[in-house]
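Participant: So that we are looking at the same thing, I have put the structure below in structure tokens.
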Amino acid sequence: MIKTPHNLKEYKKDLKRALGNSFLSATLDSFASAYPASRANAFAGIDFDALASEIARAKDESISKIEELLEEFTARAQEAGAVVHLARTAFEANSIIAAIAEENGVKRIVKGKSMTAEETFLNDFLERAGYEVTETDLGEWIIQLRGEGPSHMVMPAIHLSRREVAELFNKVTGESLDPDDITGMVKLARRELRRKFVEADMGISGANFAIAESGTIGLVTNEGNGRLVTTLPRVHVALVGVDKLVPDLKSALRILTALPRNATGQLISTYVTWITGPTECKSSPDSRKRMHIVFLDNGRLALAKDPVLSSALRCIRCGACANVCPIYKLVGGHNYGHVYIGAIGLILTYFYHGRRNARTIVKNCLNCQACKSVCPAAIDLPHLIKEVHRTVLKVEGKRPPKNVLLKNVLQNRRLFHFLLRRASFAQKPFSEGEYLRHLPFLFSEEHNFRRLPAIARVPLRDMWERINPRVKNPRFRVAFFGGCLVDFVYPEQGRALLKICADHDVQVDYPMDQTCCGLPAQMTGEKETARDIAVQNITAMDPAEYDYILTMCASCGSHLKENYVKLLSAEPALAVKASQLKDKVIDFSSFMIKVLKISPGDFFAGAGCKAAYHSPCHLCRGQRVTKEPRELLSAAGLEYVATKDEDVCCGFGGSFSIDFPEISAELLKRKLDRVEAAGVEMLVTDCPGCVLQLRGGMEKRGGRIKVKHIAEIVAERMRNDDDKKNQG
Amino acid sequence: MGQPENVAKFIERARSVQTTVTVVSGLAAAFDYAVDLTLKQGGKNIAAPAIRGENLVLLESICQKNNLMLLTRNLREQIGMIGTGLTMADWGIAQTGTLVVNCESEDLRIATMLSETHIAMLPKYRIEADTAALEVELAAMMKTAPCYLAFISGASRTADIERVMTIGVHGPQELHVLILEEDGL
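Structure follows, in structure tokens:
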């Protein structure tokens, strides 16, 4: 029986246990390392983004006419001799299937892998009704014998070691097995399950596709059990979510291009089976199979009508959102979903398995966008996770104190900035240079994995007029969006920018009414607050007045570009401004390389130090900027050393690191271990949030590697006009 | 993509998923291959439910000469005892090294799934570039009920224990494709 914690305290206990499981950590880490390369190979020669948008478009169209497709499918399948049912709920689906079993005098049932059957807890239901049910996918059989749910949608037993499987098989069959003889274990399963196939009266499968134009179901499998389940027993029941309906074969083949490639890095899975109507079956009295197709609604038809959340129904169940999730990699699927696993699991749990099962796990998202970048149906998974989080808060009607605080403080810029200035003053006795000596009282010992920076004595905005030179004939007029961290914690990063801009005839303005970008509110599900803040910033910085709106914070930049448009989409006048803003927002590295066209000649000669680069989530995925920072590092004369997992989240995630310090600390540790192993002297990144995390972590472990924002190192190494004159 | 490129691509892709691919002149050579392989593997029989007419006569005589039993129907009774399944594929898909087999007949399904070794014969001219090139034909077949259409790419496999790829979990342990230069004898 699956138990998903309903409160944070219980959940944290589970997370702690998972983080201490060294097998899980090693196996998921090795999988996460192997997956990107095999996926990239499989997609060689295919434009993934174009394919994903095409799948998204086609799925959206199917979802919008799901009831028509169901009608068409039903007519075609019934003509072919199948019986089609529609179950409104999981209970109804299970009851229909049990009734089919009873009608046909069934005793033994074999099952192919089906997430939809996991969703309805079909096995439990049928076993309670007295049927013998055997899962025949090897991974599903293993977890069935252990009484567990799957820990991955495609690899359900990935959390288990060969030793655990050998012990399990020994317990079940009495045979002693060598844990290192995986082939031997597979052979045992083949033998045991072959018997079950032959004896079974009924086979239950899922379906990856239900093709309306021909009433055909399509199954994608590797082991071949799907073909046996649909061939040997005299009754076949396919349990299919209505979201699997597609109009035609073309649509199914399009999805098939993406599914195995994205799931397991295969060009195609070993078997793809297309079945229309009851086929020949010699164990049936009339040599014809009894075929039933049970469509499951269970909330899908209602979900299909939601303008935003309906995109969750595009999911093709490839499991890739788990494969690339840095949190899944640490804690495994049993702690990252309920029945459905991974980013999509955090979303679907709410709809299919209820608020109580979703309310805690839905908080466990870094918003690192790794899932979104690999989704073959272009689902904006982090955004939907926040939408579900918001819905949970709304339904429960009570806001956590952090949310109340964020709402009240962030909405009022004067109050927010007043509090930050007071904090700068109040921290004096507790600070030690640029760091706090002790953690503030809100934090506990588990937050002590990094040193926290002190708030700057003078924020950037208060020194702006003094330090910002007027440029006579500016080439560009730029608004600088500082973001809270550059403004109040790292003003030196802003000063670095000004030095560079002054030397390149760029006039930079700092619109004083700008405030926090609003991402922290969005991250905690406070969409209305995030919307109000967006309006404040758009009012403060009219995009029409500037050539660019520059930000040195990857998270602010990504939020301004992507989320403002969504937050203001229902308000036409503001939506236009949000779109204009989107066009003008630019990150520091792109501004240097693409706009100012900085080249090696702009820097002092001589070899710089060896530097590793951390690619911030909201820059490399949020804004798709990957080449420019590395180009800029090389231009500045640094010896860039590539390190493994440069684009995996550092674990900061804004307030995530406060809610889930244990996960944040582990991600940080792995990141810093890799950087230290690379033998570099400096770690450079493009986001003050990442600087906070990485520098604080490096300081805490007493490491010698300097952590810098890329603007700082660029400003240090850049020659100004006088330098150029002197040096020729 | 022209025909020779399709064939070359099919061979490359099929081999990359552990399919053994051999080009043979025609059916007679394919039958010899099937008999030799069965004998080498210690198999006792060949299940060939879809071979008819003079082809069947020839296969029967080769099997007889080599003391192999030829199974042509009621294969359900032979489950667990079938050495080689010998079948004819309808098409090959070069892009993924895939066989397309229309197997509404239960015997044909059993021969392709429950034999220890599956040998599929594929006429060279039936190899197409990708599924898009076959979309019209496939959709038409699916609309002609009952239909059980299989795409087969390699031998049955699993990676469910520690992600170690292991061949032969449920279906055949080996897949051999014989590309026929000519589809006659």
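Protein chains in written order, with this note's numbering: chain A, 205 to 932; chain B, 476 to 660. Where is the CB? At the ideal position from N, CA and C, for every residue including glycine. On a predicted model such as this, the values are computed, not experimentally measured, just so you know.
If you draw a straight line from the C-alpha of Gly-810 of chain A to the C-alpha of Arg-899 of chain A, how long is it?
Facilitator: Looking at the two C-alpha atoms, the distance is approximately 26 Å.
Participant: Thinking Glu-322 of chain A and Glu-650 of chain A are a contact (beta carbons under 8 Å), I'd like their distance in whole angstroms, please.
Facilitator: Not a contact, Cβ separation roughly 34 Å.
Participant: Go ahead and pull the three-state DSSP assignment for Lys-814 of chain A.
Facilitator: strand
Participant: Between Val-498 of chain B and Ala-505 of chain B, how many whole angstroms is the CB-CB distance? I'm expecting something under 8 Å.
Facilitator: With 8 Å as the limit, Val-498 of chain B and Ala-505 of chain B do not qualify as a contact, their Cβ atoms being about 10 Å apart.
Participant: Let me know if Pro-489 of chain A comes out buried or exposed under the rule of 16 or more other beta-carbons within 10 Å of its beta-carbon.
Facilitator: exposed
Participant: According to the neighbour-count rule (16 or more other Cβ atoms, all chains shown, within 10 Å of its Cβ), is Ala-248 of chain A buried or exposed?
Facilitator: exposed
Participant: Which residues does DSSP pair with Glu-265 of chain A in a beta bridge?
Facilitator: Residue pairing by DSSP places Glu-265 of chain A opposite no residue, since no beta bridge is assigned to it.
Participant: Report buried or exposed for His-642 of chain A, applying the criterion of at least 16 other Cβ atoms within 10 angstroms of its Cβ.
Facilitator: His-642 of chain A is exposed by the Cβ-count criterion.
Participant: Among A:Phe-684, A:Gly-722, A:His-818, which has the Cα closest to the Cα of His-913 of chain A?
Facilitator: Put simply, of A:Phe-684, A:Gly-722, A:His-818 the residue whose alpha carbon is nearest the alpha carbon of His-913 of chain A is A:His-818.
Participant: Between Thr-641 of chain B and chain A, is any beta-carbon pair separated by less than 7 Å?
Facilitator: yes
Participant: Could you tell me whether the Cβ of Thr-480 of chain A comes closer than 7 Å to any Cβ of chain B?
Facilitator: yes
Participant: Quick one: grab the DSSP three-state call for Met-640 of chain B.
Facilitator: coil
Participant: Could you list the residues in the region 215–236 of chain A with a C-beta less than 9 Å from some C-beta on chain B, going in chain order?
Facilitator: Thr-231, Ser-234, Phe-235
Participant: Name, please, each residue of chain D whose Cβ falls closer than 8 Å to the Cβ of Ile-250 of chain A.
Facilitator: Among the protein chains in the structure shown, which are A and B, there is no chain D.
Participant: Is it buried or exposed for Leu-655 of chain B, if we count other Cβ within 10 angstroms and need 16 for buried?
Facilitator: buried
Participant: Given Tyr-544 of chain A, which residues of its chain have a CB within under 6 Å of its CB, disregarding the five upstream and five downstream residues?
Facilitator: Once the five neighbours on either side are set aside, the close Cβ partners of Tyr-544 of chain A are Leu-552.
Participant: Using 7 Å as the threshold, is the C-beta distance between Ala-816 of chain A and Leu-471 of chain A below it?
Facilitator: no
Participant: Does the distance from the C-beta atom of Ser-409 of chain A to that of Ala-442 of chain A stay below 7 Å?
Facilitator: yes
Participant: Run down chain B in chain order and give the residues with a C-beta less than 7 Å from the C-beta of Lys-486 of chain A.
Facilitator: Correct list: Arg-551, Glu-581.
Participant: Taking Glu-275 of chain A as the reference, give the member of A:Ser-418, A:Ala-294, A:Val-592 with the closest Cα.
Facilitator: A:Ser-418
Participant: How big is the Cα-Cα spacing for Leu-500 of chain A and Tyr-556 of chain A?
Facilitator: 11 Å
Participant: With DSSP collapsed to three states, give me the class of Asn-225 of chain A.
Facilitator: coil
Participant: Can you look up Tyr-768 of chain A in the DSSP assignment and give me helix, strand or coil?
Facilitator: For Tyr-768 of chain A, the secondary structure class from DSSP, reduced to helix, strand or coil, is helix.
Participant: Need the endpoints of the beta strand (DSSP E) that Met-495 of chain A sits in, please.
Facilitator: Run containing Met-495 of chain A: 494–500, per the beta strand (DSSP E) assignment.
Participant: Provide the residue span of the alpha helix (DSSP H) that contains Thr-587 of chain B, from first to last.
Facilitator: Thr-587 of chain B -> alpha helix (DSSP H) spans 581–588.
Participant: Expressed to the nearest angstrom, what Euclidean distance is found between the alpha-carbon atoms of Asn-530 of chain B and Cys-578 of chain B?
Facilitator: So the alpha carbons of these two residues sit roughly 19 Å apart.
Participant: Output the distance between the C-alpha atoms of Ala-547 of chain A and Ala-882 of chain A, rounded to the nearest integer angstrom.
Facilitator: 31 Å
Participant: Would Ala-489 of chain B pass as a contact of Thr-559 of chain B if the rule is Cβ separation under 7 Å?
Facilitator: Cβ atoms of Ala-489 of chain B and Thr-559 of chain B: not closer than 7 Å.
Participant: Name the residues in the region 585–611 of chain B whose C-beta lies less than 8 Å from a C-beta of chain A; which are they?
Facilitator: Ile-585, Met-588, Leu-589, Thr-606, Ala-607, Glu-610
Participant: Could you tell me the alpha carbon to alpha carbon distance between Glu-603 of chain B and Ile-594 of chain B, rounded to whole angstroms?
Facilitator: 20 Å
Participant: Run through the DSSP bridge pairs and tell me what Phe-647 of chain A is partnered with.
Facilitator: None, per the DSSP bridge assignment.
Participant: I want to know whether the region 367–382 of chain A touches the region 456–468 of chain A - three or more CB-CB distances under 8 Å.
Facilitator: no
Participant: Kindly identify the DSSP beta-bridge partner or partners of Tyr-752 of chain A.
Facilitator: A:Val-682
Participant: Does Gly-932 of chain A come out as helix, strand or coil in the three-state DSSP assignment?
Facilitator: Confidence at Gly-932 of chain A is low in this model, with a pLDDT of 48, below 50, so the placement of that residue is unreliable and no value is reported for it.
Participant: Less than 8 Å between the CB atoms is what I'm expecting for Gly-893 of chain A and Gly-858 of chain A, so what's the real figure, rounded?
Facilitator: 7 Å
Participant: Return helix, strand or coil for Asn-607 of chain A, following the three-state DSSP convention.
Facilitator: helix
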